[in-house]
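What follows is a set of notes on a single structure, which appears directly below.
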Amino acid sequence: MREISAKEQGYTIGGRPLAAGLYLVATPIGAARDVTLRALDILATADILTAEDTRSLRHLMEIHGIALADRPLYAVHDHNEAAASPRVVEAIHAGKSVAYASEAGTPTVSDPGFPLARAVIAAGLPVIAAPGASAALCALTVSGLPSDRFHFAGFAPATAQARRAFLEELRDVKATLILYESPKRINQMLEELVQCFGDLRNCVVARELTKRFEEVTRGTLGEVAAAYAGRDVRGEIVILVDRAPERRAEQGDWEGALDRALETLSVKDAAGMVAEAYDLPRRDVYQVALKRGK
Ligand code: SAM
Numbered sequence: 056m057r058e059i060s061a062k063e064q065g066y067t068i069g070g071r072p073l074a075a076g077l078y079l080v081a082t083p084i085g086a087a088r089d090v091t092l093r094a095l096d097i098l099a100t101a102d103i104l105t106a107e108d109t110r111s112l113r114h115l116m117e118i119h120g121i122a123l124a125d126r127p128l129y130a131v132h133d134h135n136e137a138a139a140s141p142r143v144v145e146a147i148h149a150g151k152s153v154a155y156a157s158e159a160g161t162p163t164v165s166d167p168g169f170p171l172a173r174a175v176i177a178a179g180l181p182v183i184a185a186p187g188a189s190a191a192l193c194a195l196t197v198s199g200l201p202s203d204r205f206h207f208a209g210f211a212p213a214t215a216q217a218r219r220a221f222l223e224e225l226r227d228v229k230a231t232l233i234l235y236e237s238p239k240r241i242n243q244m245l246e247e248l249v250q251c252f253g254d255l256r257n258c259v260v261a262r263e264l265t266k267r268f269e270e271v272t273r274g275t276l277g278e279v280a281a282a283y284a285g286r287d288v289r290g291e292i293v294i295l296v297d298r299a300p301e302r303r304a305e306q307g308d309w310e311g312a313l314d315r316a317l318e319t320l321s322v323k324d325a326a327g328m329v330a331e332a333y334d335l336p337r338r339d340v341y342q343v344a345l346k347r348g349k
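205 is the number that our numbering gives to position 150 of the sequence shown; each next residue is one higher, with no gaps.
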């Protein structure tokens, strides 16, 4: 059976054909209806469709009743992006509109699309965003952590040594940290965050956002790590960690800060807080706190 073209379905971009250029189209991270109307217009009218995963894009288009008709749909992913880019540039040069969608969320954000966009920009041709869902912003929105300044760190490196260096670099960043993580490594990552940042900073783990089993766990790093310890975790995950605490006084004042903290906190919590705030070895502060504490 012949598929009905976008024109026959009534899709247009303001009554005009889509201008030549690369359209980076955000797709849902869970709920299929989280696609924008403009993204659907672009998917319906672009001359050429490209996608990290052509099956996912076809599925999304089917859900929303958008026909591929006789338009080409190519796979462009991490393994062929460099080779595929010149073909896309050539097509745009020839006046074609090319849509690109990664598997879920916003292209280029821990996803393919960056080399493609750079190649099109380098050729002096237009790159246009069709913005929409991204797990990072979705997680920040529900986290309850400060959103005035945030630092997207993506996925941590795979090796333990590189990960340690990566976390140490993030430790003093004065912004809410946003990390992507796999369910297989979430427990280990939370433990490593506790080791590197201490257990008192606020942390949020946002899992399966916009999906049926959406779950948001909030608490201190120690509490969230304990809540996840030993759990067989599934699904997609974003970790958020509150910013590094402000240093409230000069380094020499840490014992005074410890005395004040001991007025309201336990020895362990007071030592942890002061050690983190003054960047001191937790064990040393703990020993002093033990002598001064209740
Ligand atoms: N480009 C995507 C974006 O804009 O969010 C991110 C793609 S990256 C390959 C996939 C990672 O994003 C997952 O491992 C997870 O960390 C996060 N993620 C994607 N969908 C999610 C969801 N529904 N809930 C929580 N995290 C999600």
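Glycine residues also receive a C-beta, built at the ideal position from the N, C-alpha and C atoms.
- F210 places its beta carbon less than 9 Å from that of Y235.
- The C-alpha of A146 lies about 13 Å from the C-alpha of R126.
- For the pair L264 and G150, the CB atoms are not nearer than the 9 Å cut-off.
- With contacts defined by Cβ atoms closer than 9 Å, S157 and E107 form a contacting pair.
- In the structure shown, S152 falls within a strand segment according to DSSP collapsed to helix, strand and coil.
- One alpha carbon belongs to D324, the other to V143, and they sit about 57 Å apart.
- Annotation: the segment 106-194 contains the following complete segments of the beta strand (DSSP E) (minimum length 3 residues), in chain order: 128-130, 152-156, 182-185.
- For T275, the enclosing beta strand (DSSP E) starts and ends at 270-275.
- Look at the beta carbons and you see the segment 154-174 touching the segment 96-103: at least three pairs across the two are nearer than 8 Å.
- Distance from the CA of I292 to the CA of P170, rounded to the nearest whole angstrom, comes to 25 Å.
- If the five residues before and after N257 are omitted, its C-beta is found closer than 7 Å to the C-beta atoms of L200, T275, D297, all from its own chain and listed in chain order.
- Distances from the alpha-carbon of V260 to those of F252, G253, E278, C251 put E278 closest.
- In the structure shown, A208 falls within a strand segment according to DSSP collapsed to helix, strand and coil.
- Per the C-alpha coordinates, the member of A130, V131, M116 positioned closest to A124 is M116.
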